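Asker: Every position in the sequence shown, counted from 1, becomes a number in this note's numbering once 2 is added. This structure is in structure tokens; I'll ask about it shortly.
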Amino acid sequence: PVHDPCAMAYVIAPAIFETRFLHVEVVVGDHKCAGQTICDVWKDFAKDPPNVHVAEKMDVDKFWDVMIDALKCCNKVTPFNAFVEKSRENSNK
3 PVHDPCAMAY
13 VIAPAIFETR
23 FLHVEVVVGD
33 HKCAGQTICD
43 VWKDFAKDPP
53 NVHVAEKMDV
63 DKFWDVMIDA
73 LKCCNKVTPF
83 NAFVEKSREN
93 SNK
């Protein structure tokens with residue numbers, strides 16, 4: 003699963019996702035279901051208004067295009083490249 007990268011991709015390119023506006027709650031309390039996310043897809047809680055855009059589909063090919071482009075951009079600016087280059091120079095001495 004790549005949930006965190008999907009969340010970042012949604013911020014960068016929301017058009018590659020299909021979402022539904024649903025009422026979502028997180029179970030709280032001291033029991034086995036604590037932390038569980040409940041998405042009201044069947045409108046069982048009709049009195050509670052939608053509060054979250056829930057992604058249901060994603061264009062996977064476009065997602066990976068976004069991810070690869072982001073990695074290429076990061077590679078251009080990371081200071082780690084200088085560290086790697088210096089390490090290579092030292093190992094060739």
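Ideal Cβ positions, reconstructed from N, Cα and C, are used throughout, including at glycine. Predicted model only: the values in this text are computed from it and were never measured.
With C-beta atoms as the reference, is residue 39 less than 9 Å away from residue 29?
Answerer: Numbered from its first residue, the sequence shown carries residue 39 at position 37. Numbered from its first residue, the sequence shown carries residue 29 at position 27. A contact, by the Cβ cut-off of 9 Å.
Asker: Starting from residue 59, trace the alpha helix (DSSP H) both ways and give me its first and last residue.
Answerer: For the purposes of this step, residue 59 is taken as the residue at position 57 of the sequence shown. Taken as a continuous stretch (DSSP letters only), residue 59 belongs to no alpha helix (DSSP H), being part of the beta strand (DSSP E) at 54-60.
Asker: Roughly how far, in whole angstroms, is the beta-carbon of residue 56 from the beta-carbon of residue 35, given that I think they are within contact range, below 8 Å?
Answerer: For the purposes of this step, residue 56 is taken as the residue at position 54 of the sequence shown. For the purposes of this step, residue 35 is taken as the residue at position 33 of the sequence shown. That belief does not hold up - the Cβ atoms of residue 56 and residue 35 are roughly 19 Å apart, past 8 Å.
Asker: If contacts are defined as beta-carbon pairs under 8 Å, then residue 54 and residue 15 qualify, I think. What distance do you get, rounded to the angstrom?
Answerer: Mapped onto the sequence shown, residue 54 falls at position 52. Mapped onto the sequence shown, residue 15 falls at position 13. About 19 Å separates the two Cβ atoms, so there is no contact after all.
Asker: Between the C-alpha atoms of residue 90 and residue 77, what's the straight-line distance to the nearest angstrom?
Answerer: For the purposes of this step, residue 90 is identified with residue 88 of the sequence shown, where counting begins at 1. For the purposes of this step, residue 77 is identified with residue 75 of the sequence shown, where counting begins at 1. So the alpha carbons of these two residues sit roughly 17 Å apart.
Asker: Per the DSSP calculation, residue 26 is bridged to which residue(s)?
Answerer: Locating residue 26 in the sequence shown gives position 24, where the first residue counts as 1. Answer by DSSP bridge pairing, in chain order: 41.
Asker: Following the continuous alpha helix (DSSP H) through residue 6, name the residue where it begins and the one where it ends.
Answerer: Locating residue 6 in the sequence shown gives position 4, where the first residue counts as 1. Boundaries of the alpha helix (DSSP H) harbouring residue 6: 5-14, taken from the DSSP string.
Asker: Assess, as a yes-or-no matter, whether the region 71-85 is touched by the region 18-28 under the definition of 3 or more beta carbon pairs within less than 8 Å.
Answerer: no
Asker: Quick one: grab the DSSP three-state call for residue 82.
Answerer: Within the sequence shown, the letter at position 80 stands for residue 82. Note: residue 82 maps to helix in three-state DSSP.
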